[in-house]
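Here the structure is laid out as structure tokens; the discussion comes afterwards.
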Amino acid sequence: MSVNKVILIGNVGKDPEVRHLEGGVTVARFPLATNETYVDKNGQRQTQTEWHNIVVWRGQAETVEKYVKSGKLLYIEGKLRTTSYEEKETGTKRYFTEIQCLNFRFLGPSTTEGGSYKEQGGSSSAPATQDAEPPMPEPTDDLPF
């Protein structure tokens, strides 16, 4: 038996790049930053940022296109996927690892047009502004941490 599962909570590094492929398939890509804070041997507080390449497909990618912006705090569930390609000039094989997002949730407060905070709504109506987050369903289980 094997498991390939990634859980991340972090901030979107830049607005997603969205492509619409043949057959109406949508794919969105964006970087996600996670931070780890620790105290070094000199007693100084240090923060280390790790960047993750996130890929979201189909219906969830359409939601990302509408509502995910740089700085947004997200919970991401997915799996690691490593791909390779060969550089044309040198013939060197390069590898890159992405997180294939299977599920995500918006975390933190959402903002209104005026920049003030509003509480996360549970209504089923469409968001009032383009920057508003979609209503989030109630979680069916607790987070594993």
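In my numbering, the protein residues as written are 13 to 157. In this text, a Cβ means the ideal position worked out from N, Cα and C, and glycines have one as well. Note that the structure is predicted; figures quoted are calculated from it, not measured.
What separation, rounded to the nearest whole angstrom, lies between the Cα atoms of D52 and T61? By 1-based counting over the sequence shown, the position of residue 52 is 40. By 1-based counting over the sequence shown, the position of residue 61 is 49. For D52 and T61, the distance between alpha carbons rounds to 15 Å.
For E99, which residues in the same chain have their Cβ closer than 7 Å to its Cβ, ignoring the five residues on either side in sequence? Position 87 of the sequence shown, counted from the first residue, corresponds to residue 99. If we look at E99 and ignore the five residues flanking it on each side, its Cβ neighbours are R106.
Is it the case that the Cβ atoms of R57 and T46 are separated by a distance below 9 Å? One-based indexing of the sequence shown puts residue 57 at position 45. One-based indexing of the sequence shown puts residue 46 at position 34. Not closer than 9 Å, so no.
Under a three-way DSSP split, which group does E77 fall into? Within the sequence shown, residue 77 is the residue found at index 65, counting from 1. E77 falls in the helix class under three-state DSSP.
Can you list, in chain order, the residues of its chain with a C-beta nearer than 8 Å to that of K26? Leave out the 5 residues immediately preceding and following it. Within the sequence shown, the letter at position 14 stands for residue 26. Same-chain partners within the cutoff: F42, P43 and S82.
List, from N- to C-terminal side, the alpha helix (DSSP H) runs of 4 residues or more that fit wholly inside the segment 56–109. 70–79
Outcome for H64 when other beta-carbon atoms lying within 10 angstroms are tallied against a minimum of 16: Your numbering for residue 64 matches position 52 in the sequence shown. The residue is buried, with at least 16 neighbouring Cβ atoms inside 10 Å.
Quick one, are the C-beta atoms of Y87 and F118 less than 9 Å apart? Numbered from 1 along the sequence shown, position 75 holds the residue referred to as residue 87. Numbered from 1 along the sequence shown, position 106 holds the residue referred to as residue 118. Going by C-beta atoms, Y87 is nearer than 9 Å to F118.
Cβ atoms of N23 and L114: under 9 Å apart, would you say? Here residue 114 refers to the residue found at position 102 when the sequence shown is read from its first residue. Here residue 23 refers to the residue found at position 11 when the sequence shown is read from its first residue. No, the Cβ-Cβ distance between L114 and N23 is not below 9 Å.
Opening and closing residue of the beta strand (DSSP E) in which N23 lies: Residue 23 sits at position 11 when you count from the first residue of the sequence shown. Per DSSP, N23 belongs to the beta strand (DSSP E) from V18 to V24.
Which residue marks the beginning of the beta strand (DSSP E) containing E29, and which one marks its end? Translated into positions along the sequence shown, residue 29 becomes position 17. Residues E29 to H32.
At what residues does the beta strand (DSSP E) containing P43 begin and finish? On the sequence shown, position 31 is the one that residue 43 refers to. Note, P43: beta strand (DSSP E), T38 to V51.
I'd like to know whether the C-beta atoms of V76 and F116 end up nearer to each other than 9 Å. Along the sequence shown, one-based indexing puts residue 76 at 64. Along the sequence shown, one-based indexing puts residue 116 at 104. Yes, they are a contact pair.
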